[in-house]
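Asker: As numbered in my numbering, residues 531 to 790 make up the sequence shown, in order. The C-beta atom is built at its ideal place from N, Cα and C for all residues, glycine as well. Since the model is a prediction, treat every value here as computed from it, not as a measurement. There's a structure below that I have some questions on.
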Amino acid sequence: MSKGPIAGFPVRRPRRVVVKLGTAMLGGIAGIAAQLAALRASGTEVIVVSSGAIGLGMGVLKLAKRPKELSRQQACAAIGQSLLMQAWQAAFAPHGLAVAQALLTHDDLRVRSRSLGVKETMRQIAGYGAVPIINENDTVSAAEIKIGENDTLSAMVAILVEADHLVILSTAPGLVDRRGTGEIVRVVEKITPEIEAMAEGTTNETAVGGMLTKISAAKLAVKSGCGVFIASGIEPDIVPRLFAGTGPGTYFVPHGRVSL
Numbered sequence: 531m532s533k534g535p536i537a538g539f540p541v542r543r544p545r546r547v548v549v550k551l552g553t554a555m556l557g558g559i560a561g562i563a564a565q566l567a568a569l570r571a572s573g574t575e576v577i578v579v580s581s582g583a584i585g586l587g588m589g590v591l592k593l594a595k596r597p598k599e600l601s602r603q604q605a606c607a608a609i610g611q612s613l614l615m616q617a618w619q620a621a622f623a624p625h626g627l628a629v630a631q632a633l634l635t636h637d638d639l640r641v642r643s644r645s646l647g648v649k650e651t652m653r654q655i656a657g658y659g660a661v662p663i664i665n666e667n668d669t670v671s672a673a674e675i676k677i678g679e680n681d682t683l684s685a686m687v688a689i690l691v692e693a694d695h696l697v698i699l700s701t702a703p704g705l706v707d708r709r710g711t712g713e714i715v716r717v718v719e720k721i722t723p724e725i726e727a728m729a730e731g732t733t734n735e736t737a738v739g740g741m742l743t744k745i746s747a748a749k750l751a752v753k754s755g756c757g758v759f760i761a762s763g764i765e766p767d768i769v770p771r772l773f774a775g776t777g778p779g780t781y782f783v784p785h786g787r788v789s790l
């Protein structure tokens with residue numbers, strides 16, 4: 531575990547990255563889209579996992595708190611999903627990029643025949659030059675088979691498409707050592723009980739999870755050789771800065787890779 535800068539990060543262009551944005555990032559997606567468009571222009575395939583459908587639906591319905599009943603959450607998602615896609619299309623349009631909606635369920639990623647179909651669809655979307663915008667299909671996912679939150683979904687997608695890196699952006703600046711220095715832990719070489727103990731949940735009414743689910747997602751992804759960044763999407767030009775090794779955030783070293 532390192533608490534210094536993310537120095538020595540490989541500058542080699544990633545072949546494919548998955549970028550996950552939390553609901554709180556929706557207000558700044560124009561800037562994020564610009565960064566992702568630039569990354570894509572450099573030759574990196576970009577896949578977006580975006581939260582926000584339920585939150586946007588709550589806004590339309592003027593709900594202050596996330597409904598507890600699954601059916602009400604599904605209704606909010608049904609109302610908000612089209613608004614989410616409109617927002618992403620508007621964000622990528624100035625860069626000449628189309629977006630492609632992909633709503634996935636647990637079985638789409640767990641059942642081999644279906645996951646292979648999803649993987650091939652992602653390949654074809656990339657071939658057409660569009661940007662996949664993935665979300666869980668909250669409108670139809672039953673409680674017992676729901677993935678539940680998009681941090682885990684993004685890790686599952688990153689594993690499926692064999693991404694080099696998963697970038698999780700939210701309002702969190704990274705993994706903060708709240709039980710010690712209070713500083714951002716820059717590099718995590720191994721996710722230990724000590725690291726997991728640093729995670730905290732969320733109190734945001736439109737969000738699910740928090741740092742706990744991000745650590746769980748990182749734990750899942752690094753086992754498959756996918757490096758993981760957790761950083762604040764509010765930071766200017768955070769995506770290129772992360773890959774340059776100059777951005778604030780936490781990097782989780784994938785298994786089988788030499789430590790930074």
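If you run the structure through DSSP and keep just helix, strand and coil, what is alanine 630?
Answerer: In the structure shown, alanine 630 sits in a strand (DSSP, three-state: E or B).
Asker: Should valine 578 go down as buried or exposed, given a rule of 16 or more other Cβ atoms within 10 Å for buried?
Answerer: Buried, by the Cβ-count rule.
Asker: Any idea which residues DSSP pairs arginine 708 with across the strands?
Answerer: According to DSSP, arginine 708 bridges with nothing at all.
Asker: Is it buried or exposed, leucine 683, if we count other Cβ atoms within 10 angstroms and call 16 or more buried?
Answerer: With 16 or more other Cβ atoms within 10 Å, it is buried.
Asker: Can you list, in chain order, the stretches of the beta strand (DSSP E) that have 3 or more residues and sit fully within the region 636-722?
Answerer: Counting whole runs of 3 or more residues, the region 636-722 contains the beta strand (DSSP E) stretches 661-666 and 695-700.
Asker: How is valine 590 classed by DSSP in three states: helix, strand or coil?
Answerer: It is helical.
Asker: Cα-Cα, which of Ile725, Ile698, Leu696 and Val576 is closest to glycine 710?
Answerer: Considering only alpha carbons, the answer is Ile725.
Asker: Using alpha carbons as the reference points, say which of Gly779, Leu556, Glu713 and Gly626 lies closest to leucine 613.
Answerer: It is Leu556 whose Cα lies nearest to the Cα of leucine 613.
Asker: Helix, strand or coil, according to DSSP, for glutamate 765 in the structure here?
Answerer: Coil.
Asker: I need the straight-line Cα distance from valine 670 to serine 580, nearest angstrom please.
Answerer: If I take the Cα positions, the gap works out to 17 angstroms.
Asker: How would you call leucine 772, buried or exposed, if buried means at least 16 neighbouring beta carbons within 10 angstroms?
Answerer: That one is buried.
Asker: Relative to the alpha-carbon of leucine 750, which residue among Lys720, Arg545 and Thr776 has its alpha-carbon at the smallest distance?
Answerer: Selected option, being the one with the closest Cα: Lys720.
Asker: Can you give me the Cβ contacts of isoleucine 689 inside the same chain, cut-off strictly under 8 angstroms, excluding the 5 residues immediately before and after it?
Answerer: Contacts found: Leu750, Ala751, Ser754 and Cys756.
Asker: 7 angstroms is my cut-off, CB to CB: does valine 706 come that close to chain D?
Answerer: Structure shown: chain D not included; a single protein chain is present.
Asker: Do the CB positions of lysine 550 and isoleucine 760 come within less than 7 angstroms of each other?
Answerer: Not a contact, by the Cβ cut-off of 7 angstroms.
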